[in-house]
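Asks:
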Amino acid sequence: MHSLLLIQNGRTENDTEARSEHNPGRILEACGYVTWTATGEEQASHFIRDADATLLCMPVTEIELWRQKLLKHKTAPVLWWCTSATADLSVTACGDNVIVDGILSPYMHEQEIHWILHFSSRQCFERQQWHKEKEQLLARIEERKWIDMAKGILSKAKNISESEAYDLLRKQAMNERKRMVDVATSIVKVYQLLQDQT
């Protein structure tokens, strides 16, 4: 990870802090990272293409909204810049569904920053992999549902066992050069249409 996009959500912290050693851009650049700063979604969408990660410098309650905006443009680690200015909310705000890949603060040493960024990158891409696997499992469950419904319909209509109905579905799919779920969906929809008409 070499570059970070800092998002300050239209707010800049007071000038004293912006010029101080607590400024995230200064700290990260001193550690060898390239940084860009954005204060709005339009600016962020321009810089996000080149950034390896995003650092949100804002209250915890605004993180999820920004994370969703950023995901429209690119999947990359999202980190939170935790300072007294961004963490001044009550403990109840911590109960919100806030997803970040890491937290940085102005009091971290260079090695700590490097390790947080390294692990946040792994965390982001592992979560992305889990999300893909979840989507694939949900799709398989949905396909299984259509196939089971079609088996039930065929079993009842042809007075055969469900295993014979399954074999019939598979044979039909091979004959039509279609996926089994597509044949099953067609059977269920035609059956439902006929039921609606009677």
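Just so you know, the sequence shown maps onto residues 948 to 1145 in the working numbering.
Ideal Cβ positions, reconstructed from N, Cα and C, are used throughout, including at glycine.
Answer yes or no: does any C-beta atom of chain B fall closer than 8 Å to that of Lys1081?
Replies: Among the protein chains of the structure shown there is no chain B, as only one such chain exists.
Asks: Could you spell out where the beta strand (DSSP E) holding Thr1001 opens and where it closes?
Replies: Residue mapping note: residue 1001 aligns to position 54 of the sequence shown, counting from 1. Residues 1000-1003.
Asks: Name, in chain order, the residues that DSSP records as bridge partners for Gly1049.
Replies: Along the sequence shown, one-based indexing puts residue 1049 at 102. Per DSSP, Leu1026.
Asks: Within this structure, are the beta carbons of Ser950 and Asp997 separated by less than 8 Å?
Replies: Here residue 950 is taken as the residue at index 3 of the sequence shown, counted from 1. Here residue 997 is taken as the residue at index 50 of the sequence shown, counted from 1. Result yes, Cβ atoms of Ser950 and Asp997 sit closer than 8 Å.
Asks: If you measure between the beta carbons of Ala991 and Ala1000, is that distance less than 8 Å?
Replies: As a working mapping, residue 991 is identified with position 44 in the sequence shown. As a working mapping, residue 1000 is identified with position 53 in the sequence shown. The answer is no: Cβ separation not under 8 Å.
Asks: Counting Cβ pairs closer than 8 Å, one from the stretch 1078-1096 and one from the stretch 1003-1018, do we hit at least three?
Replies: No, because fewer than three Cβ pairs between the stretch 1078-1096 and the stretch 1003-1018 fall closer than 8 Å, the two stretches do not touch.
Asks: Go through the stretch 1058-1131 residue by residue and report every complete run of the alpha helix (DSSP H) that reaches 4 residues or more, in order.
Replies: You should have 1109-1123.
Asks: On the DSSP letters alone, give me the boundaries of the beta strand (DSSP E) that Ala985 sits inside.
Replies: The sequence position of residue 985 within the sequence shown is 38, counting from 1. Start and end: 981-985.
Asks: What number of angstroms, rounded off, separates the C-alpha of Met1127 from the C-alpha of Glu1089?
Replies: If you number the sequence shown from 1, residue 1127 lands on position 180. If you number the sequence shown from 1, residue 1089 lands on position 142. Those two C-alpha atoms are separated by around 12 Å.
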